[in-house]
Amino acid sequence: MTRVLFLLLLANVPAASAGADATKPHAHQGILRKYERLPPSKVGISMAGVSNEELRQGQPVLRMMKLPGGFQRIVSVQDIHAPESVVFGAIMDLANYPKMVDGVTICEPYSETKSRMSGEVIVCAKYKITAAGFGITYFIKHVYEPSKHCMTFHLDYERCSELSDTAGYWYVEQLKEGWCRLYYSSESQMPALIPTFMKTALTNLAAKRSTAWVETRCNQLTGYKPGGRATAGGAGGKLKVHMRGMMTLLLLVVAAQRLPLPKLALPRPWAVQAI
C-alpha cells in the first residue's frame, strides 16, 4: 500500500484515455513539470530545522507544500542504514515491485537502455495497481543517473496510459557510519470529488509511507535490525487495513467514472502521482 496511495493522489487535469493501449501514443507529451536530476536543494527541498537525531528515529520527515496552480508537493525524507547502491538497487528493482509494494499487481519492464558515456539508465515499465477487482494500468519512464545519485520518472508518452500525467523524484545522499538519506518528492492535486477529510488522510498516510517500503527492503537485504523500534514497514495491521480501505474506495470511484451514468456530471479519470 506504500506506493499505491501515492498513485491515488489525484491531479485535476484532463484525462488521457478511457483505457491503456501500448500501441497508441499518449494524448499529450506532458502536463506536469518534470523533475531535473539535481541535488534536493536545487529542486526546492529544504532540510532547514531538521536534525540528524530526528531523522535517525526511524520515521520519515515530511513536508507538504502548496504550489501555484492548485498542486501540492509532498516531500518525504528518511535515513536508511544501507549504502546507496543497495537503496537504489531496491528502487530500481521494478520487476519485483509486486512482491515489495502492496497493491502493485504488475510491474513489467519492456525496454532498457544505458549510456556508456554518462552511465544513465532508462527503463520503461508497465504498471497495474489493483483493489477490489478494479485496476489502473499505466506506463512509466524511469531515468536513473548513478553519477548524480538521482532517479526521476514520468509517463512514457509513446504509450497511452489510463493516467493523464505523473512525475516524481528520488535522490540518495551517502552519509557516515553506513547511513544514507533518501529523498522523495512529487506533486499532486485531488479533485473536488474527494471529501476534504479523505484528502487530508490520504495525503498524510501516503507521505508517511512513501519511503518506508524502501527501508524495509534494504533492511532485508543488509540484515540490519533497528534497535528497539518497529520499522516503518511494519507499522501495524490497523494502518495497513486503513490504507487498503481508502485505496479500494478511490479505485471504486475510478470504476464508477467509467460506467455510463448520464445523470451524473462526474469528472473524467484523473492523473495519478506515482512513486
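Per mature numbering (1 follows the signal peptide of the UniProt record, and there is no 0), the sequence shown runs over residues -18 to -1, 1 to 257. Backbone N, C-alpha and C fix where the C-beta goes; we use that ideal spot for every residue, glycine too.
### Message
Helix, strand or coil for serine 67? Go by DSSP, reduced to three states.
### Response
helix
### Message
Given a cut-off of 8 Å on the beta-carbon distance, is the pair phenylalanine 135 and alanine 4 in contact?
### Response
no
### Query
Using the C-alpha atoms, what's the distance from valine 83 back to alanine 214?
Legend: pLDDT at alanine 214 = 43, less than 50; position of this residue unreliable, value from coordinates given subsequently. The straight-line gap from Cα to Cα measures roughly 13 Å.
### Task
Kindly indicate the opening and closing residues of the beta strand (DSSP E) around methionine 47.
43 to 48
### Query
In chain order, what residues of the same chain have a beta carbon less than 8 Å from the beta carbon of glycine 71, not counting five sequence neighbours either side?
Leu203
### Message
For a test of the three-state rule: what should DSSP assign to valine 25, helix, strand or coil?
### Response
helix
### Message
Which of the three DSSP states is assigned to serine 100 in this structure?
### Response
coil
### Nearest to glutamate 140 (by Cα), restricted to the options Cys162, Cys106, Leu164, Ile118
Cys106
### Query
Which value, in whole angstroms, describes the spacing of the CA atoms of isoleucine 13 and lysine 207?
42 Å
### Task
State yes or no: is the C-beta of serine 58 within less than 8 Å of the C-beta of proline 80?
no
### Query
Hey, would you say lysine 154 sits closer than 8 Å to glutamate 66, going by beta carbons?
Note that residue 154 is valine in the sequence shown here, rather than lysine. Taking 8 Å as the Cβ cut-off, valine 154 and glutamate 66 qualify as a contacting pair.
### Query
Using the rule of at least 16 other Cβ atoms within 10 Å of the residue's Cβ for burial, across every protein chain shown, is histidine 8 buried or exposed?
buried
### Task
Report the residue from Leu137, Gln156, Lys158, Leu157 whose alpha carbon sits nearest the alpha carbon of threonine 148.
Leu137
### Query
For glycine 12, which beta-bridge partners are listed by DSSP?
Its beta-bridge partners do not exist; DSSP assigns none.
### Task
For cysteine 89, write down the residues that DSSP places opposite it in a beta bridge.
Tyr109
#### Entry: N-terminal and C-terminal residue of the alpha helix (DSSP H) that valine 196 is part of
194 to 204
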